[in-house]
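The sequence shown begins at 1 in my numbering and counts up one residue at a time.
Glycine included, each C-beta is placed from N, C-alpha and C at the ideal position.
No experiment lies behind these values; they were computed from the predicted model shown.
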Amino acid sequence: MQKRCHSIVEDIFALICAGLFVAFGVYLFQSQNLMVGGVAGLALLGTHWLSLDFSVLFFIINLPFYLLAWRYISKRFTLNTFTTVATVSLMSEYLPQFVNISQVHPIFAAIFGGILIGVGMLMMFRHTSSMGGLGILAFFLQSRFGVRAGSFQLAVDSAILLSALTVIDVSLVMISVLAALCLNMVISLNHRPERYSLPMRQANASEELVDSELQTQTS
């Protein structure tokens, strides 16, 4: 039986902190109409197309993916990811009541927001959690059908950014690419899979696959 790296209390505290980092990063993006990849990006796009808030869309879109996580990753990962997604949704809903961003430069919002989300995701990875969504689907497709997880994630994120051209200016899409670079730099420079690996149902190459996928996930 694999020993837990963190206690339940440590996980809860860390995931709440991670949720706050991610929610504030998304709040910065929203203030300047910037975009991000993954489920967060889909939720941001949805706010332009539907009369629903980001918090509601982010929570709803993630729901189907918990079944895949429960079946193909682990129960602990699924529960922690649900906690993370719920925290991000709640904080995204109520954060504007406590913080009012009246003026911020789009490039600063992209850099600082990307760093905040990257740090939040890094904390999630180290406490057996994630932003859920497309990262889980990418792992499932690769493990079941041989579809490369990184290629799938890149294709989806590219499609999200291209779709963003229908609702925001080209300049803002380019700045959003800068945000994605900052986000992934934080993760790639600080995440070490050999130190923080997910407890998989089968101890084989799938463990490396999940860690590799988590590093490519942007929401």
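Output the distance between the C-alpha atoms of residue i and residue j, rounded to the nearest integer angstrom.
i, j, result
"ILE8", "THR83", "12 Å"
"LEU44", "ILE160", "10 Å"
"ALA14", "GLY133", "20 Å"
"ILE101", "PHE145", "45 Å"
"ASP11", "ALA180", "26 Å"
"TYR196", "SER74", "For TYR196, the pLDDT reaches just 48, beneath the cut-off of 50, and the residue's location in the model is therefore unreliable, although a value from the coordinates is still provided. Going by the C-alpha atoms only, they are around 15 Å apart."
"GLY19", "MET91", "7 Å"
"ASP169", "ILE107", "14 Å"
"PRO64", "PHE140", "13 Å"
"MET185", "LEU50", "32 Å"
"THR81", "ALA109", "26 Å"
"ALA164", "ASN190", "29 Å"
With respect to the alpha helix (DSSP H) encompassing residue i, which residues constitute its N-terminal and C-terminal limits?
i, result
"GLN103", "From DSSP, GLN103 is part of no alpha helix (DSSP H); its letter is neither H nor E."
"GLY25", "8 to 31"
"ILE61", "54 to 62"
"LEU34", "Careful: LEU34 lies outside any alpha helix (DSSP H) and carries neither H nor E."
"HIS48", "38 to 49"
"VAL186", "170 to 190"
"LEU90", "75 to 94"
Measure how close the beta-carbons of residue i and residue j come, nearest whole angstrom, since I'm counting them as under 8 Å.
i, j, result
"SER188", "VAL36", "Not quite, the Cβ-Cβ distance comes to about 16 Å (not below 8 Å), so this is no contact."
"ILE136", "THR87", "Going by Cβ atoms, the distance from ILE136 to THR87 rounds to 17 Å, so no, they are not a contact pair."
"LEU34", "LEU172", "6 Å"
For residue i, which residues in the same chain have their Cβ closer than 7 Å to its Cβ, ignoring the five residues on either side in sequence?
i, result
"PHE112", "LEU28"
"ASN62", "VAL39, VAL85, GLY132 and GLY133"
"HIS48", "VAL167"
"THR78", "TYR66, ALA69 and TRP70"
"LEU52", "GLY46"
"PHE24", "LEU95 and LEU116"
In its own chain, which residues sit with a C-beta less than 8 Å from the C-beta of residue i, not counting the 5 before and 5 after it?
i, result
"PHE21", "LEU116, ILE117, VAL119, GLY120 and MET123"
"VAL104", "LEU28, SER31 and GLN32"
Within a Cβ cutoff of 6 Å, which residues of the same chain sit near residue i, ignoring the five residues on either side of it in sequence?
i, result
"GLY114", "ALA179, CYS182 and LEU183"
**Prompt:** Is the region 123 to 138 touching the region 90 to 103, taking contact as three or more C-beta pairs under 8 Å?
**Reply:** no
**Prompt:** For the region 49 to 68 against the region 146 to 153, are there 3 or more C-beta pairs whose distance is under 8 Å?
**Reply:** no
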